[in-house]
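In full-length UniProt numbering, the protein residues as written are 1 to 202.
Glycine included, every Cβ here is placed at the ideal spot set by N, Cα and C.
Quick caveat: nothing in here was measured; it's all calculated off a predicted structure.
A short write-up of the structure that comes next.
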C-alpha cells in the first residue's frame with residue numbers, strides 16, 4: 001500500500017504566510033511580505049500536488065480513498081471466500097485454480113487437477129485437434145503405465161480405450177466428471193482448511 005501524509009505549512013515550525021513589515025524606500029528588492037506570499041503560494045501548490053497523487057490515504061476533504069492495490073486485495077479476498085461454497089467456481093477462476101494446484105503440488109497429488117484442466121481444453125478442440133491430442137492425453141494421464149496416472153477405475157479407463165480411435169468430443173468427459181467428484185470429496189475439504197487458503201481470506 002502506498003501512503004502519503006498531507007503536507008501542512010505548520011510542519012516546518014514557522015508560518016511562511018505571517019505578516020511582516022514591508023521594507024521602506026525605493027529599493028528593487030522584493031518586500032518580505034511579498035516573499036512570504038510567494039512562499040505560501042508555492043507551498044500550497046506543493047501540498048495540493050501531494051494530495052492529488054496520494055493513494056490509499058485521506059484526501060483534502062477528509063474522505064479516505066482506497067488505492068488500486070487495496071481494491072484488488074479486497075476483491076480477491078471476497079472471491080476466495082466464495083470458493084468455500086462453490087468448488088467449480090474455484091476451478092474456473094485463474095487465481096483459484098493456480099492456488100489449488102499449488103496446494104496439491106505441495107502434497108505431490110496434482111495429477112487429477114492437471115487431467116481435469118487438459119480434459120476441459122479437449123472439449124473445446126476441433127475434430128482435427130482432438131485426433132492429435134486424444135492419444136497423448138490418454139498416455140499422459142489415463143494409461144496404467146503413465147507416470148501421472150489419475151485415480152480412474154477400470155470402467156472409465158476401458159470406456160476411453162474403446163473410443164480412442166474416433167476421438168469423440170466427449171471421450172474424456174465421464175472420466176473428467178469422475179475426477180472432479182474425487183477432488184471435491186477429498187482434496188477440496190483439505191484445501192479449505194489449509195493455511196494457503198485461509199491466508200487468502202484474511
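Looking only at its own chain, which residues have a Cβ that is under 8 Å from the Cβ of residue i, when we skip the five neighbours before and after it?
i: residue 194; result: 103
i: residue 208; result: One cannot answer for residue 208 here, as it falls past the ends of the chain, which runs 1 to 202.
i: residue 105; result: none
i: residue 184; result: 87
i: residue 111; result: 141, 148, 149 and 150
i: residue 143; result: 149
Rounded to whole angstroms, what's the CA-CA distance from residue i to residue j? Just pull it up for me.
i: residue 141; j: residue 90; result: 22 Å
i: residue 157; j: residue 178; result: 11 Å
i: residue 109; j: residue 189; result: 14 Å
i: residue 174; j: residue 122; result: 13 Å
i: residue 50; j: residue 120; result: Summary for residue 50: the model assigns pLDDT 44, below 50, so the residue's position carries little reliability; its value from the coordinates is reported in the next sentence. Answer to the nearest angstrom: the Cα atoms are 50 Å apart.
i: residue 115; j: residue 182; result: 12 Å
i: residue 87; j: residue 100; result: 10 Å
i: residue 197; j: residue 70; result: 19 Å
i: residue 126; j: residue 92; result: 21 Å
i: residue 107; j: residue 187; result: 10 Å
i: residue 73; j: residue 98; result: 16 Å
i: residue 154; j: residue 124; result: 26 Å
i: residue 161; j: residue 75; result: 44 Å
i: residue 203; j: residue 68; result: In this structure the chain extends from 1 to 202, so residue 203 is not present and cannot be described.
Find the nearest neighbour of residue i within the set the options, judged by alpha-carbon distance.
i: residue 165; options: 148, 191, 133 and 178; result: 133
i: residue 118; options: 169, 196, 190 and 189; result: 169
i: residue 139; options: 73, 83, 172 and 96; result: 172
i: residue 200; options: 144, 95 and 67; result: 95
i: residue 146; options: 163, 155 and 136; result: 136
i: residue 150; options: 78, 113 and 98; result: 113
i: residue 202; options: 67, 78 and 68; result: 78
Leaving out five residues on either side along the sequence, give the residues of the same chain with a beta carbon under 7 Å from the beta carbon of residue i.
i: residue 159; result: 174
i: residue 192; result: 84
i: residue 128; result: none
i: residue 180; result: 116
i: residue 163; result: 171
For a quick check, are the C-beta atoms of residue i and residue j less than 7 Å apart?
i: residue 167; j: residue 130; result: yes
Using a Cβ-Cβ distance under 7 Å, would residue i count as near chain C?
i: residue 96; result: Checking the listed chains, one finds no chain C in this structure; it contains a single protein chain.
Considering only residues of the same chain and omitting the five flanking positions on each side of residue i, which have a CB-CB separation below 6 Å?
i: residue 152; result: 175
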